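Undergrad:
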Amino acid sequence: MLRIILIVSIFITLSGCSDAAPVPVSECAKVVAHAKKVLGDKAPNTIDMTKQCKEASDEARGCVLTADKAMKILNCDM
């Protein structure tokens, strides 16, 4: 249940990341790897995260890459 909440939360709201540099969809592997590192054992599976990354905006991917804590990732619109 917690993983589902994290998945939904990660990819719903964007706030506080407007200064993040845009990241192209070709960098999704890097974005997902970073998110998994930050989220640790609470990270959703790689397949779901990759799909959501590919559907996200360049700005949202940049937001995730600049996040250094799980709560910051939750603020990214993925």
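Under mature numbering (1 follows the signal peptide of the UniProt record, and there is no 0), the residues of the sequence shown are numbered -20 to -1, 1 to 58, in order.
We treat Cβ as the ideally placed atom computed from N, Cα and C, and that holds for glycine.
The structure presented is a predicted model; accordingly, all values stated were derived computationally and were not measured.
If I follow the unbroken alpha helix (DSSP H) through residue 59, where does it start and stop?
TA: Residue 59 lies beyond the range of the chain shown here (-20 to 58); nothing can be said about it.
Undergrad: Cβ atoms of I53 and V18: under 9 Å apart, would you say?
TA: Translated into the one-based positions of the sequence shown, residue 18 becomes position 38. Translated into the one-based positions of the sequence shown, residue 53 becomes position 73. It is a contact, given that the beta carbons lie within the stated cut-off.
Undergrad: Using a 10 Å radius around the Cβ and a threshold of 16 neighbouring Cβ atoms, would you call G20 buried or exposed?
TA: Position 40 of the sequence shown, counted from the start, is the residue given in the question as residue 20. Exposed, since its Cβ has fewer than 16 Cβ neighbours within 10 Å.
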